[in-house]
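Colleague: Before I ask anything, here is the structure I am working with.
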């Protein structure tokens with residue numbers, strides 16, 4: 001397997017290069033289970049974050065980042081857009097998302113109680129990696145349905161074309177690759 005080595009928030013990372021299609025390979029950034037990386041990335045993102053009332057992220061890879069950002073800032077809670085409705089949800093909003101790392105269309109769900117909490121509040125959207133931006137769009141739709149005010153979008157890494165976006169605050173650029181591990185964008 002090929003790997004892309006890079007430094008993220010001062011931490012050395014070795015990302016396995018994974019096939020998306022015959023012409024596109026990505027560096028798999030895995031934050032789940034990496035407490036040191038979550039802590040360092042959260043610290044650096046908080047230094048750049050706009051004022052907000054609540055953080056929201058999509059299940060699952062953004063959860064350790066959102067948790068650590070909330071913990072470091074002293075927030076009492078954060079919101080997770082879920083992949084499936086849960087029995088405890090009193091009602092749900094839902095939107096569709098088609099992420100580059102998922103092979104099919106998915107839905108994201110937000111509990112009505114969380115939506116009520118976000119209404120009229122400043123919401124910061126966070127994720128581990130932004131690539132096509134489809135997950136961000138889905139979360140934006142959920143926040144808008146809930147009546148929240150989006151004050152920023154942040155990610156640890158911006159991949160491919162996302163590096164050119166001026167509406168996302170991120171720490172590092174993550175290139176995309178060809179089948180031989182050569183950077184193509």
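In the working numbering, the protein residues as written are 1 to 185.
We put the beta carbon where it would ideally sit given N, CA and C, even for glycine.
Computed from a predicted model, the values in this text were never measured in an experiment.
At a threshold of 8 Å, does residue 112 count as lining the ligand ADP (C-beta to nearest heavy atom)?
Modeller: This structure simply doesn't include the ligand ADP, nor any ligand for that matter.
Colleague: The beta strand (DSSP E) that contains residue 15, what's its start and end?
Modeller: Residue numbering aside, residue 15 sits at position 15 when the chain shown is read from its first letter. 11 to 21 is the span of the beta strand (DSSP E), which, as asked, contains residue 15.
Colleague: For a minimum of 3 consecutive residues, which ranges assigned as the beta strand (DSSP E) are wholly contained in the stretch 3 to 85?
Modeller: List check, beta strand (DSSP E) in window: 3 to 8, 11 to 21, 24 to 27, 54 to 58, 79 to 81.
Colleague: So, is residue 154 buried or exposed, given that buried needs 16 or more other C-beta atoms within 10 angstroms?
Modeller: As a working mapping, residue 154 is identified with position 154 in the chain shown. Result: buried.
Colleague: Look at the alpha carbon of residue 25 and the alpha carbon of residue 133, and state the distance between them as a whole number of angstroms.
Modeller: Taking the chain shown and counting its residues from 1, the one referred to as residue 25 is at position 25. Taking the chain shown and counting its residues from 1, the one referred to as residue 133 is at position 133. Residue 25 and residue 133: Cα-Cα distance of roughly 17 Å.
Colleague: Relative to the C-alpha of residue 37, which candidate in 180, 54, 171 has its C-alpha closest?
Modeller: On the chain shown, position 37 is the one that residue 37 refers to. Of the listed residues, the one whose Cα sits closest to residue 37 is 171.
Colleague: Please determine, among 122, 130, 50, 156, the residue with the shortest C-alpha to C-alpha distance to residue 148.
Modeller: Stepping through the chain shown from its first residue, residue 148 is reached at position 148. Selected option, being the one with the closest Cα: 122.
Colleague: DSSP on residue 87, reduced to helix/strand/coil?
Modeller: The count along the chain shown starts at 1 and reaches residue 87 at position 87. Note: residue 87 maps to coil in three-state DSSP.
Colleague: Could you spell out where the alpha helix (DSSP H) holding residue 146 opens and where it closes?
Modeller: To locate residue 146, count along the chain shown from 1; it is residue 146. Per DSSP, residue 146 belongs to the alpha helix (DSSP H) from 134 to 146.
Colleague: In terms of DSSP beta bridges, what is residue 174 paired with?
Modeller: Counting from 1 along the chain shown, the entry for residue 174 is found at position 174. Paired residue(s): 159.
Colleague: Is the distance from the Cβ of residue 91 to the Cβ of residue 125 below 9 Å?
Modeller: What you label residue 91 is simply residue 91 of the chain shown in a count that begins at 1. What you label residue 125 is simply residue 125 of the chain shown in a count that begins at 1. Not closer than 9 Å, so no.
Colleague: From the DSSP output, in three-state form, read off residue 112 for me.
Modeller: By one-based count along the chain shown, residue 112 stands at place 112. Looking at residue 112 - three-state DSSP - the assignment turns out to be helix.
Colleague: Do you know how far the Cα of residue 21 is from the Cα of residue 42?
Modeller: Your numbering for residue 42 matches position 42 in the chain shown. Your numbering for residue 21 matches position 21 in the chain shown. Their Cα atoms are separated by approximately 31 Å.
Colleague: In chain order, what residues of the same chain have a beta carbon less than 7 Å from the beta carbon of residue 129, not counting five sequence neighbours either side?
Modeller: Numbered from 1 along the chain shown, position 129 holds the residue referred to as residue 129. Within the same chain, residue 129 has close Cβ partners 29, 155, 156, 157, 159, 174.
Colleague: Just to confirm, are residue 57 and residue 127 a CB contact at a threshold of 9 Å?
Modeller: Along the chain shown, one-based indexing puts residue 57 at 57. Along the chain shown, one-based indexing puts residue 127 at 127. Result yes, Cβ atoms of residue 57 and residue 127 sit closer than 9 Å.
Colleague: Quick check on residue 117: does DSSP put it in helix, strand or coil?
Modeller: In the chain shown, the residue the question calls residue 117 occupies position 117. Correct three-state label for residue 117: helix.
Colleague: Taking the C-alpha atoms as reference points, what is the distance between residue 83 and residue 32?
Modeller: As a working mapping, residue 83 is identified with position 83 in the chain shown. As a working mapping, residue 32 is identified with position 32 in the chain shown. Looking at the two C-alpha atoms, the distance is approximately 17 Å.
Colleague: Report yes if the C-beta distance between residue 110 and residue 135 is below 9 Å; otherwise report no.
Modeller: By one-based count along the chain shown, residue 110 stands at place 110. By one-based count along the chain shown, residue 135 stands at place 135. In this structure, residue 135 does not lie closer than 9 Å to residue 110 by Cβ.
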